[in-house]
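**Q** At position 166 of the sequence shown the residue is numbered 166 (the UniProt record's numbering), and the sequence of numbers has no breaks.
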Amino acid sequence: MIPLCSAETAKLVDRMIMEELSLPGSVLMENAGRAVASFVSQSLRRRGKGKVLIFAGPGNNGGDGFVAARHLLNEGFDVKAISSLPMLESYKGDALINANAFMKLGGGISFSEDLSDSQLEGEIDGADICIDALLGVGFRGAPEGEVARLIRALRRASFIVSVDVPSGVDASSGRIPGLAVKADVTLTMHVHKTGLYVAPGAFCSGRVILVDIGVPTMLGALTFENRCFLWDENASCNALPERPLGLHKGDRGCVAVLGGSDIYRGAPTLSALGALRAGAGIVYVILPEEVYLQYGQFLPEAICLPVRSDKRALSVKALETLNALESDIDVLVVGPGMGRGEDTMALVSLLWERWHKKMVCDADALYALSVSSSTLKRKGDVILTPHEGEAARLLACKPSWIRENRLESAERLSQRFGPCVLKGYHSVITNGFEHRVVDSGSPALSTPGSGDVLSGVIGAFWASNLKLMDAASLAVWLHGRAGELLELKKGLDGNLSREIADEIRSLMGDMRYGKKTNRLGRGAEEDRKDKNSRI
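1) Can you list, in chain order, the residues of its chain with a C-beta nearer than 8 Å to that of residue 394? Leave out the 5 residues immediately preceding and following it.
2) Measuring CA to CA, which of 61, 254 and 424 is closest to residue 26?
3) Tell me the DSSP secondary structure of residue 127 in three-state form.
4) Helix, strand or coil: which one does DSSP assign to residue 528?
5) Can you grab the Cα-Cα spacing for the pair residue 50 / residue 125, in whole Å?
6) Between 127, 257, 22 and 182, which has its C-alpha nearest residue 325's C-alpha?
7) Going along the chain, which unbroken runs of the alpha helix (DSSP H) with 4 or more residues stay wholly within the region 249-315?
8) For residue 82, which option in 56, 71 and 437 has the closest C-alpha, if you only look at C-alpha atoms?
9) What are the boundary residues of the alpha helix (DSSP H) that residue 63 is part of?
10) So who's on the other strand from residue 344, going by DSSP bridges?
11) Is the region 4-16 close to the region 180-196, with three or more CB pairs under 8 Å?
12) Taking the alpha helix (DSSP H) that residue 356 belongs to, which residues open and close that run?
13) For residue 93 and residue 87, what's the separation of their Cα atoms in angstroms?
14) How many angstroms separate the CA atom of residue 152 from the CA atom of residue 201?
15) Buried or exposed, going by whether 16 or more other CB atoms sit within 10 Å of the CB of residue 506?
16) Excluding the 5 residues preceding and the 5 following residue 133 in the sequence, name in chain order all residues of the same chain whose CB lies nearer than 7 Å to its CB.
17) Does residue 105 pass the burial test, meaning 16 or more other C-beta atoms within 10 Å, or should it be called exposed?
18) What residue ranges within the region 143-225 form continuous alpha helix (DSSP H) runs of no fewer than 4 residues, ordered along the chain?
19) Taking the beta strand (DSSP E) that residue 108 falls in, what are its first and last residues?
20) Taking only the alpha-carbon atoms, compute the straight-line gap between residue 24 and residue 18 and give it to the nearest angstrom.
21) Give the DSSP-derived three-state secondary structure of residue 436 in the structure shown.
22) Is DSSP giving residue 502 helix, strand or coil here?
23) Measuring CA to CA, which of 462, 451 and 499 is closest to residue 253?
24) Secondary structure at residue 420, three-state DSSP: helix, strand or coil?
25) Do you know how far the Cα of residue 400 is from the Cα of residue 424?
26) Does the Cβ-Cβ distance between residue 166 and residue 180 come in under 8 Å?
27) With a Cβ-Cβ cutoff of 8 Å, do residue 288 and residue 314 count as a contact?
28) Would you mind reading off the limits of the alpha helix (DSSP H) that contains residue 102?
29) Which residue wins for smallest C-alpha separation from residue 361, given the options 321, 466, 406 and 451?
30) What are the boundary residues of the alpha helix (DSSP H) that residue 237 is part of?
31) What's the C-alpha gap between residue 489 and residue 483?
32) Which of the three DSSP states is assigned to residue 78 in this structure?
33) Would you kindly check if the distance between the Cβ of residue 456 and the Cβ of residue 333 is under 8 Å?
34) With DSSP collapsed to three states, give me the class of residue 132.
35) Quick check on residue 430: does DSSP put it in helix, strand or coil?
36) Return the CA-CA distance between residue 357 and residue 405, expressed in angstroms with no decimal places.
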């Protein structure tokens with residue numbers, strides 16, 4: 001896993017470097033700006049074009065931009081800078097020194113308030129690459145004034161490289177209180193910032209590249225004493241359950257899926273399919289008898305157990321079946337397609353209080369908890385898997401708040417209910433002590449039954465005796481990467497949830513035999529490399 005750091009931690013490391021090694025801030029600024037120039041230079045040479053427009057803000061981030069401008073100008077590129085400040089003298093310290101150095105080499109700096117909108121648009125249209133050095137990791141809140149105007153104008157840029165963090169993105173949380181730059185590439189300095197990977201900030205960061213600015217290893221390691229990590233492909237490969245010689249299906253774990261109703265007949269079988277494709281050895285599907293008669297043969301590899309019901313939905317009568325199987329079941333997945341009738345809600349409440357083994361709560365089980373959780377006490381191990389709408393219902397808030405505060409939302413859910421997966425692009429997984437942001441996902445996953453498949457995959461890995469956080473992280477990463485691969489192979493539309501499950505099986509095979517999985521590229525040719533590179 002890759003440690004993720006807050007803005008405060010990143011700034012602390014900067015101060016430690018200057019204090020412990022007696023290095024001035026100008027050295028760090030020089031190293032950062034030179035690294036930005038090196039990346040842009042390589043990109044321009046591949047493209048065969050060379051006009052660069054640098055947007056410099058009021059602080060040290062702007063200073064990084066002026067250093068990059070000086071190096072690019074020295075290499076012979078056509079470089080211009082636009083400052084958000086009214087005059088050069090408004091800069092202070094190292095930023096002013098580097099702005100002057102750029103001008104003494106023949107570089108030109110324009111001030112945005114002197115440019116009309118049409119002039120600004122013309123400059124952007126003529127640039128091959130725009131460098132966003134407006135706001136750094138220390139900025140919080142909504143951009144205002146000329147900075148906001150420049151961010152708005154950058155929407156028309158053909159290719160944007162952001163320095164450290166896209167301007168307007170909160171580096172600690174990923175929140176975007178106002179306008180934000182949508183970068184194609186973000187060159188982040190010496191540590192990965194949390195806000196680059198948590199939505200909505202993740203939507204703006206593009207391809208993230210970690211830049212070495214000379215931080216000694218012993219100091220960089222101190223930044224990793226945190227609670228937030230990026231779960232990536234390497235972590236997933238290391239977490240795959242062992243499959244030794246002599247393995248039989250009983251060793252793979254037993255998952256039971258409890259769900260289904262007259263309206264949502266296929267949901268529990270899709271969850272069971274996810275469990276089987278993830279390697280579960282035995283999978284039970286417990287569903288209403290009427291649903292079984294119409295849909296029970298969809299997945300012959302699973303053991304279907306019909307439960308009699310008066311209302312074509314599950315009721316507390318299902319407890320008899322569950323109790324009879326309790327010694328066999330390792331993980332119970334509750335909720336796919338259950339419906340929201342009174343009897344079904346009562347069943348979920350009883351399971352929450354009485355079922356003492358591992359349980360994954362999804363879909364309609366989450367609705368039941370949102371209605372009655374204040375009076376319930378949990379008996380066994382559990383993980384919840386809400387999307388943003390379900391999370392909002394559980395926390396009695398608006399979905400927009402969940403969307404804008406994903407880390408805090410996941411932590412609140414965990415404090416109230418226990419470990420959870422807050423689904424979405426770069427899903428957040430937490431047990432209240434450790435947060436994991438999963439580095440995968442695609443719009444191709446937005447198809448009916450996708451979440452049902454995921455609940456089964458989580459159940460399968462948890463049943464194989466992986467620790468809960470590892471089981472959930474591995475399942476969510478595989479689910480997200482499967483969506484990326486489907487997008488790459490078949491496009492964004494028309495994918496079926498059963499295809500996600502099938503892709504997960506293929507993906508696990510590639511990972512076990514050391515084949516690098518294809519990372520979905522978005523946009524420019526250089527973006528088809530690994531998203532989390534290092535220079």
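For glycine and all other residues, C-beta sits at the position ideal for the given N, C-alpha and C.
As the structure is a prediction and not an experimental result, all values here were calculated from the model.
**A** Let's see:
1) Hits under 8 Å: 366, 369, 370, 373, 384, 386, 413, 416 and 417.
2) Shortest Cα-Cα distance from residue 26 to any of 61, 254 and 424 involves 61.
3) It is coil, neither helix nor strand.
4) Bear in mind that the predicted position of residue 528 carries a pLDDT of just 33, short of 50, making it too unreliable to give a figure here.
5) Cα-Cα distance, rounded: 13 Å.
6) With distances taken between Cα atoms, residue 325 lies closest to 257.
7) 267-277 and 289-295, all fully within the region 249-315.
8) Nearest C-alpha to residue 82: 56.
9) Its alpha helix (DSSP H) spans residues 60-74.
10) None, per the DSSP bridge assignment.
11) Yes, the region 4-16 is in contact with the region 180-196.
12) DSSP places residue 356 in no alpha helix (DSSP H); its state is neither H nor E.
13) Each residue's alpha carbon lies about 15 Å from the other.
14) Take the alpha-carbon of residue 152 and the one of residue 201: they are about 16 Å apart.
15) Exposed, by the Cβ-count rule.
16) Listed in chain order, the non-local C-beta contacts of residue 133 below 7 Å within the same chain comprise 54, 55, 56, 57, 61, 62, 64, 65 and 163, local neighbours out to five positions each way being set aside.
17) Label assigned to residue 105: exposed.
18) Counting whole runs of 4 or more residues, the region 143-225 contains the alpha helix (DSSP H) stretches 145-153, 202-205 and 217-220.
19) Per DSSP, residue 108 is one residue of the beta strand (DSSP E) stretching across 108-111.
20) The C-alpha of residue 24 lies about 6 Å from the C-alpha of residue 18.
21) In this structure, residue 436 counts as strand in the three-state DSSP scheme.
22) In the three-state reduction of the DSSP assignment, residue 502 falls in the helix class.
23) Cα-wise, what sits closest to residue 253 is 462.
24) Of the three classes helix, strand and coil, the one that applies to residue 420 here is strand, per DSSP.
25) Rounded to whole angstroms, the gap between the alpha carbons of residue 424 and residue 400 is 13 Å.
26) Yes, Cβ-Cβ distance for residue 166 and residue 180 is below 8 Å.
27) A contact, by the Cβ cut-off of 8 Å.
28) Taken as a continuous stretch (DSSP letters only), the alpha helix (DSSP H) holding residue 102 covers 93-104.
29) Nearest option by C-alpha distance: 451.
30) Annotation: the continuous alpha helix (DSSP H) that includes residue 237 extends over 233-239.
31) Put simply, the backbone Cα of residue 489 is about 10 Å away from that of residue 483.
32) The three-state secondary structure of residue 78, taken from DSSP, is strand.
33) In contact: residue 333 and residue 456 (Cβ atoms closer than 8 Å).
34) In this structure, residue 132 counts as strand in the three-state DSSP scheme.
35) Strand at residue 430.
36) Taken atom to atom, the span from the alpha-carbon of residue 357 to that of residue 405 is near 31 Å.
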